[in-house]
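Numbering (the numbering used here), first residue to last: 907 to 1222. Using N, Cα and C, we set each Cβ at its ideal position, and we do this for glycine too.
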Amino acid sequence: MSEQTGVVDTTSTADDFVTVDALEEALRGEKYIADRGLATTLYLTLKLRKPLLLEGEAGVGKTEIAKVLASTLGAPLIRLQCYEGLDANSAIYEWDYPRQMLYLRSLEATSGLDQDEVRRNLFGEEFLLKRPLLQAIDIAHTQSPVLLIDEVDRADQELEAFLLEILSDFQVTVPELGTMRAEHVPIVILTSNRTREIHDALKRRCLYYWIDFPDYQKEYRILSAKVPEASERLANQICAFTQGLRDLDLFKSPGMAETLDWANALLALGSNELTDEVVEDTLGVVLKYQEDVEKVRGDVAARLVARALSASPAGN
């Protein structure tokens, strides 16, 4: 409880989790079901202050881990979304050129100004646009933020050199302002869909964990936690069906996000169980490529529905 406000503080810090079990329980409180291996790796990430590289297929919940961890810690989440062509300026900092030009124009009518002072003002923090990597080491933070470097495999390899430098000492040098160092070292999570290999030097800097699609039991637990309105019967059928889809040779197997979307869609339609008709009508919720929809539609979907209806309950 805060002595000044009398309000109970329910936020946690990394040091509050003295065991893996405590962290695992906190994640469950955020409705995130973590495997023991993942919970252990997250615990070590917090204790050792090492970046964590999460790899896995798109849709398995890598990004969600960073969001849930930030929520669990009550920490700010700072996200760097990687893409092809992302450069250091967009990732670290830029100067606000339009405002700088306005500042210079406002000085045109003024004479006798000290040029050194003008330059200092022109390249002061007032005109500095802090991008995610610089935001993460900002001294204004009162606790360690969670820095999510999302889909790092989509960025050019040149960016990895900048990441490696920042992750080694958590400082950034702005020539006009000097070196900025983090007072609270960020909790760093990198994600990759493995569209290309990440450089060994960056991997060695990180802890590593591979996230696979959830099995039947885990998917049921996640669905029940995230969409409690779904009956046990419907949740079991949905999970059995999506597990069957992942056994097929699809262009893009459905991830956990699609499972949750499908459950909400079926509830919105008032469906209490899977039928051939409702599955045919809603395949576009769970499958996102026409080739996959065509492959599943018809006999394959009917077979998966029949299997889902006869599946043993995961909740037992």
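So which of the options has the shortest CA-CA distance to residue i?
i     : options                       : result
I998  : R942, A976, E1066 and G1204   : E1066
G1150 : L1013, L1193, S1050 and G991  : L1193
G965  : R1139, R1087, I984 and P1160  : P1160
M1241 : L1028, L1053 and S1216        : This structure leaves residue 1241 out entirely; the chain is present only between 907 and 1222.
A1207 : S1218, F1033, T1188 and A1220 : T1188
Y1195 : V926, G1084, L1156 and V1094  : L1156
C1112 : S1098, E1164 and L1140        : S1098
A1220 : I1144, V1024 and E1186        : I1144
L1035 : F1076, R1060, E1103 and W1001 : W1001
P1038 : L1210, A1046 and S996         : S996
E1138 : L948, W1116, Q987 and L1180   : L1180
V1211 : M1162, L1010 and T1148        : T1148
F1076 : A1042, E1064 and R1100        : A1042
L1070 : I1104, S1177, D1121 and M1162 : I1104
M1162 : D1118, E1197 and A1136        : D1118
E1064 : Q1123, E1023 and Y989         : Y989
E1197 : E1023, L1154 and D993         : L1154
Y1122 : I984, E1023 and S1218         : S1218
D1182 : V1024, K1158 and R1213        : R1213
N1178 : L1073, D922 and L1215         : L1215
G884  : K1158, R1209 and G1176        : There is no way to answer for residue 884, as the model of the chain reaches only from 907 to 1222.
D941  : I971, E1023 and D1022         : I971
Inspect the beta-carbon positions of residue i and residue j and report whether they are closer than 8 Å.
i     : j     : result
D1062 : G980  : no
Y1115 : L944  : yes
D1056 : L986  : yes
L1166 : V1133 : yes
L975  : L954  : no
R1005 : F1033 : yes
L1096 : E1031 : no
V1094 : M1086 : no
R1152 : I939  : no
V926  : T946  : yes
T978  : L933  : yes
F1068 : A994  : yes
Would you please state the rounded distance, in angstroms, between the beta carbons of residue i and residue j? I believe it to be under 8 Å.
i     : j     : result
A1146 : S1130 : Going by Cβ atoms, the distance from A1146 to S1130 rounds to 14 Å, so no, they are not a contact pair.
Please classify residue i: is it buried, with 16 or more other beta-carbons within 10 angstroms of its beta-carbon, or exposed?
i     : result
V914  : Low per-residue confidence applies at V914: pLDDT is 33, beneath 50, and the placement is therefore not dependable, though the value from the model is reported in the following sentence. Result: exposed.
L929  : buried
I1045 : exposed
K937  : exposed
L1054 : buried
V1185 : buried
E931  : exposed
G967  : buried
L1013 : exposed
L1040 : buried
M907  : Low local confidence applies: a pLDDT of 34 at M907 is under 50, so the model's placement there is unreliable, and no value is given.
P1081 : exposed
E1125 : buried
T916  : Confidence at T916 is low in this model, with a pLDDT of 42, below 50, so the placement of that residue should be treated as unreliable; the coordinate-derived value is given next. T916 should be labelled exposed.
Should residue i be flagged as near chain C, meaning a C-beta pair shorter than 8 Å?
i    : result
I984 : No chain C is present in this structure, which holds just one protein chain.
Assess contact between the segment 1104-1116 and the segment 957-965, defined as three or more Cβ pairs (one per stretch) separated by less than 8 Å. Is contact present?
The answer is yes - the segment 957-965 touches the segment 1104-1116, with three or more Cβ pairs under 8 Å.
Using 8 Å as the Cβ pair cut-off and three pairs as the minimum, do the segment 1159-1178 and the segment 1201-1221 touch?
Taking a contact to require three or more Cβ pairs closer than 8 Å, the segment 1159-1178 and the segment 1201-1221 do not qualify as touching.
The segment 1045-1065 contacting the segment 1080-1098, beta-carbon criterion three pairs below 8 Å
As far as the Cβ criterion goes, the segment 1045-1065 touches the segment 1080-1098, which means the pair count is three or higher.
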